[in-house]
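Below is one structure, written out as structure tokens, with a few remarks after it.
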Amino acid sequence: MAETEFVENVVVGSGFGGSVATYRLAAAGRPVLLLERGKAYGPGDFPREPWDVGANFWDPSAGRLGLFDLWSFRRTDALVAAGLGGGSLIYANVLIRKPAEWFVEHRRGGRGHHPWPISRADLDPHYDEVERMLGAQPFPRHAPGFEGVLKTAAMERAARSLGPDHSFHLPDLAVSFRPAPGAAPAVGAPLADTPYANYHGRPRSTCVLCGQCDIGCNSGSKNTLDHTYLSAAVDGAFPLVATPAEVRTLCEVRSVAPDGDGYVVRYVEHPPAHHDGTPHDTRSLPQRTVRCRRLVLAAGTLGTTHLLLRMRRDGELPALSGALGSRFSGNGDHLTVLKRAREDDGRPLPLHASRGPVITSAVRRPDGYIEDCGYPMLLNWVYQARHGLFWRAGAFAAQRIWALLTRDPNSRVGASLGMVLGKGVEAATSMPLLGIGRDVADGRMTLTPGGYLAIRTTRSSRAYVAGVSADMRTLAGGVNAAGFADSVWDKLGRSVTVHPLGGAPMGRSRQEGVCDHFGEVFGYDNLFVADGAVMPGAVGSNPSLTIAAFSDRMCTAVLEGRTRAPLRGTRRRPGTPAAPGGRAGGWPTP
Ligand SMILES: Cc1cc2nc3c(=O)[nH]c(=O)nc-3n(C[C@H](O)[C@H](O)[C@H](O)COP(=O)(O)OP(=O)(O)OC[C@H]3O[C@@H](n4cnc5c(N)ncnc54)[C@H](O)[C@@H]3O)c2cc1C
Ligand code: SF4
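Position 451 of the sequence shown, counted from 1, bears residue number 451 in UniProt numbering, the numbering being contiguous throughout.
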């Protein structure tokens, strides 16, 4: 019988929590295997043609191994990613630290606030480190080539309509705008090499302002986790990584269980050929097994909580806290559209929302943020088509019929055809707005009898939603928008989130949470949760930076032997310095 594979550390999922953990452990010389269910996507790999985009969803039993993993629950929908680099592949690059005063949570039933088990001061050094690794920098709005992104200035102007407790700023983005550290920003310039080899081995360029960050950056300008943490983690020639990590894609973890003084992880490998749109019985895929001493779950809020709920039901992890599934939050996501912005004299105010990175600016509110929200250029045609295309096409047809009847000698029809397409004013002067913030984290994640994930949310965040919606309406008024609309979801009484959080929250005790403040699961030494599931409530700002900083802090504690049951080689003797390795130190990312 073949011997079961053993690796000291297994990391499940390559999003913000998983990629940071993989890099930190590898840098410190700890053997690590990363299992990621999705594919790797290098520059140029992100689908753009309608037939490819339509197939770009994650549903292996339906023959889909694509990037977008959409979930629909009773009153809420959620979108997450499946691919090497997790949510960083489709996120809008915004990195904002959670404000210090927000490290408290609403108590149920409005009974005051409860402090988080960690504070801003705990995370600050780790925020610094993640920002450096991801090349965080604000959008260079005044640099040549970038000043044509009009929505940023429009947001600044609109923000003046809100009170003094609202402030406009340019948040850090994990995007390369400069070809090399210290160089001037330039559009579409080749990027200088990083000190480690690129995972995909393909050239990258600075941002080309295409507005496609949410469907994957084909120019490699986003500093996604595969281009940064994971590239460094697997590069055997990179001197700051002592033991290169091993990364396996299309490997989906199905179960985890205690095994001696470690854990056993069972996973299946999806054959790439199964991305063919035909049903596959994924239960019949051969199961692979790997044993480890330390297991880091980072499959995302939905992935990790679902896995843990199933493991508790199956008796594999029976001692998990009763808090499992609690404190679900959509991070206050609220989408609206401001329509037909105008100058003060009534002329159209162009915003061109699809030009530039999806998000470039943010307005801080008392309990959240409002951000400009771009979209891929293609959607401009869809938006424009919805506004009067039928009438314009009718007018064109009538003109042509009249020309034929009257034997009009003018055979030039270009201008009339242009009229059918329209002036594009609707699309050019309208822009979605994204509200995020501190909703009430009282959603509950459970398993259905068939083993599916279910989420029950309440209406306790109504006051928050009303507040952010009112601010967005005022903001739209700041650019004289002739229209303002809540999203389709809102009209249907549903919410949609791209920032699901909670489910395996950290807490001070097993009664309060599933994990301690380092992410170590109560009742299971050396089993860690390092992703959005560990957040005990809304982050309030865009959460990726906080998830990554949490994982970085967890790794420091692991490597310094400060967790409950340190492994050999990570035990900290009194008086010894802090964690070995792990700090890449010293090079700036463009
Ligand atoms: C359109 C969009 C825009 C966004 N914009 C921003 C933004 O600007 N700023 C921000 O901070 N956040 C943004 N987010 C949210 C951000 O992407 C998430 O908060 C973040 O990715 C969560 O990190 P994570 O580590 O918890 O999990 P994820 O990044 O979701 O990673 C989980 C990984 O685990 C893998 N996985 C799941 N199950 C398994 C399994 N069983 N076996 C193996 N692998 C598995 C998944 O494929 C995935 O790669 C955005 C999200 C979306 C969808
Ligand atoms: S705007 Fe385009 S080029 Fe720039 S980061 Fe986004 S996807 Fe990449």
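Glycine included, each C-beta is placed from N, C-alpha and C at the ideal position.
Inter-residue spacing [alpha-carbon to alpha-carbon] between T4 and G18: Position 4 of the sequence shown, counting from 1, holds the residue named residue 4. Position 18 of the sequence shown, counting from 1, holds the residue named residue 18. Taking the straight line from one Cα to the other gives about 23 Å.
Where P138 sits in the DSSP three-state scheme: Stepping through the sequence shown from its first residue, residue 138 is reached at position 138. Looking at P138 - three-state DSSP - the assignment turns out to be strand.
C-beta contact flag for N331 and P50 at 8 Å: Against the sequence shown, residue 331 aligns to sequence position 331. Against the sequence shown, residue 50 aligns to sequence position 50. Going by C-beta atoms, N331 is not nearer than 8 Å to P50.
Burial state of P185, where buried means 16 or more other Cβ atoms lie within 10 Å: The residue you call residue 185 lines up with position 185 of the sequence shown. Label assigned to P185: buried.
Exercise answer, beta-carbon shell around ligand 2 heavy atoms below 5 Å: Those satisfying the condition are, in chain order, V175, C207, V208, C210, Q212, C213, C217, S219, S221, K222, P357.
Complete alpha helix (DSSP H) runs within the region 390-452 (minimum length 4 residues, chain order): 414-421, 425-428, all fully within the region 390-452.
Opposing strand residues paired with P348 [DSSP bridges]: On the sequence shown, position 348 is the one that residue 348 refers to. BP columns for P348 point to R342.
Contact test: A92 Cβ vs ligand 1 heavy atom, cutoff 7 Å: Stepping through the sequence shown from its first residue, residue 92 is reached at position 92. Distances taken from the Cβ of A92 to the heavy atoms of ligand 1 include one shorter than 7 Å.
Pairwise C-alpha distance: R132 and L228: Within the sequence shown, residue 228 is the residue found at index 228, counting from 1. Within the sequence shown, residue 132 is the residue found at index 132, counting from 1. The amino acid at residue 228 is misidentified as Leu; the sequence shows Thr. Rounded to the nearest angstrom, the gap between the Cα atoms of T228 and R132 is 10 Å.
Whole-angstrom distance between R562 and P580, CA atom to CA atom: Looking up residue 580 in the sequence shown gives position 580. Looking up residue 562 in the sequence shown gives position 562. Low confidence applies to P580: its pLDDT is 37, below 50, so where it sits in the model is not reliable, and the reading given next is rough at best. It is roughly 13 Å from the alpha-carbon of P580 to the alpha-carbon of R562.
Local conformation of R355 per DSSP, three classes: Translated into the one-based positions of the sequence shown, residue 355 becomes position 355. It is coil, neither helix nor strand.
Minimum C-alpha distance to A28 - residue among R564, A565, E560: Position 28 of the sequence shown holds residue 28. The candidate whose alpha carbon is nearest that of A28 is E560.
Closest residue to V498 among G483, A237, V539 (Cα-Cα distance): The count along the sequence shown starts at 1 and reaches residue 498 at position 498. Checking every option, the nearest Cα to that of V498 belongs to V539.
Beta-carbon spacing of L379, S354 below 8 Å: Within the sequence shown, numbered from 1, the residue matching residue 379 stands at position 379. Within the sequence shown, numbered from 1, the residue matching residue 354 stands at position 354. Judged by beta-carbon spacing, S354 lies within the 8 Å limit of L379, meaning their Cβ atoms are closer than that value.
Every unbroken beta strand (DSSP E) inside the region 203-286 [3 residues or more]: Whole beta strand (DSSP E) segments, 3+ residues: 246-248, 251-259, 262-269.
Whole-number beta carbon distance between H126 and A549, since they are thought to touch under 8 Å: Within the sequence shown, numbered from 1, the residue matching residue 549 stands at position 549. Within the sequence shown, numbered from 1, the residue matching residue 126 stands at position 126. Contact check for A549 and H126: beta-carbon distance about 4 Å, within the 8 Å limit, so the pair qualifies.
Spatial neighbours of R157 in its chain, beta-carbon cut-off 8 Å, leaving aside the 5 residues before and after: One-based indexing of the sequence shown puts residue 157 at position 157. Once the five neighbours on either side are set aside, the close Cβ partners of R157 are G478, V479.
The region 60-79 touching the region 229-242, judged by at least three CB pairs closer than 8 Å: They do not touch, by the three-pair rule.
E36 classed as buried or exposed, judged by whether at least 16 other C-beta atoms fall within 10 angstroms: Here residue 36 corresponds to residue number 36 of the sequence shown, with the count starting at 1. By the 10 Å Cβ count, E36 comes out buried.
Separation of S551 from D504, as counted between CA atoms: Taking the first residue of the sequence shown as 1, we reach residue 504 at position 504. Taking the first residue of the sequence shown as 1, we reach residue 551 at position 551. With the sequence shown as reference, residue 504 is identified as Ala, and Asp is not the correct amino acid for it. CA-to-CA, the gap between A504 and S551 works out to about 14 Å.
Y375, DSSP secondary structure in three states: Numbered from 1 along the sequence shown, position 375 holds the residue referred to as residue 375. Collapsing the DSSP output to three states places Y375 in coil.
Proximity test, L378 beta-carbon vs ligand 1 heavy atom, cut-off 7 Å: Reading the sequence shown from its first residue, position 378 is the one you call residue 378. In this structure, the C-beta of L378 stays at least 7 Å away from each heavy atom of ligand 1.
DSSP-derived helix/strand/coil call for E101: Here residue 101 corresponds to residue number 101 of the sequence shown, with the count starting at 1. If DSSP states are grouped into helix, strand and coil, E101 belongs with the helices.
Whole-angstrom C-beta distance between S119 and T364, which should lie under 8 Å: Position 364 of the sequence shown, counted from the start, is the residue given in the question as residue 364. Position 119 of the sequence shown, counted from the start, is the residue given in the question as residue 119. Note on identity: in this sequence residue 364 is Arg, with Thr being the wrong assignment. R364 to S119, Cβ: 20 Å. No contact.
Through-space distance from S411 to S221, alpha-carbon basis: As a position in the sequence shown, residue 221 is number 221, starting the count at 1. As a position in the sequence shown, residue 411 is number 411, starting the count at 1. The straight-line gap from Cα to Cα measures roughly 46 Å.
Rounded separation between P376 and D314 - CA only: Counting from 1 along the sequence shown, the entry for residue 376 is found at position 376. Counting from 1 along the sequence shown, the entry for residue 314 is found at position 314. When rounded, the distance between both Cα atoms is 43 Å.
Terminal residues of the beta strand (DSSP E) in which D77 lies: One-based indexing of the sequence shown puts residue 77 at position 77. Looking at the DSSP string, the run of the beta strand (DSSP E) that includes D77 is 76-81.
Heavy atom of ligand 1 within 7 Å of A298 beta-carbon: In the sequence shown, the residue the question calls residue 298 occupies position 298. It does: the Cβ of A298 is within 7 Å (strictly closer) of some heavy atom of ligand 1.
Segment contact, 8 Å Cβ cut-off, at least three pairs: the region 386-401 with the region 200-210: The answer is no - the region 200-210 does not touch the region 386-401, with fewer than three Cβ pairs under 8 Å.
I359 beta carbon near ligand 1 (any heavy atom closer than 7 Å): In the sequence shown, the residue the question calls residue 359 occupies position 359. Yes.
Buried or exposed by the 16-neighbour rule on C-beta atoms within 10 Å, applied to I547: Within the sequence shown, the letter at position 547 stands for residue 547. When all chains shown are included, I547 counts as buried.
Residue from A232, G83, V53 whose Cα sits closest to the Cα of G42: Residue numbering aside, residue 42 sits at position 42 when the sequence shown is read from its first letter. Considering only A232, G83, V53, the residue with the shortest C-alpha distance to G42 is G83.
Where the beta strand (DSSP E) through L495 begins and ends: To locate residue 495, count along the sequence shown from 1; it is residue 495. One point to set straight first is that residue 495 is Ser, not Leu, in the sequence displayed. For S495, the enclosing beta strand (DSSP E) starts and ends at 495-497.
Cβ-based neighbour list, F57, same chain, cut-off 6 Å, excluding 5 preceding and 5 following: Within the sequence shown, residue 57 is the residue found at index 57, counting from 1. Taking C-beta separations shorter than 6 Å and ignoring five residues to either side along the sequence, the partners of F57 in its chain run R64, G66, F68, following chain order.
Three-state class that DSSP yields for E147 in the structure shown: The residue you call residue 147 lines up with position 147 of the sequence shown. Under the three-state reduction of DSSP, E147 is assigned to coil, being neither helix nor strand.
Any non-hydrogen atom of ligand 1 within 7 Å of I547 CB: Start at 1 with the first residue of the sequence shown, and residue 547 comes out as number 547. For ligand 1, at least one heavy atom lies less than 7 Å from the Cβ of I547.
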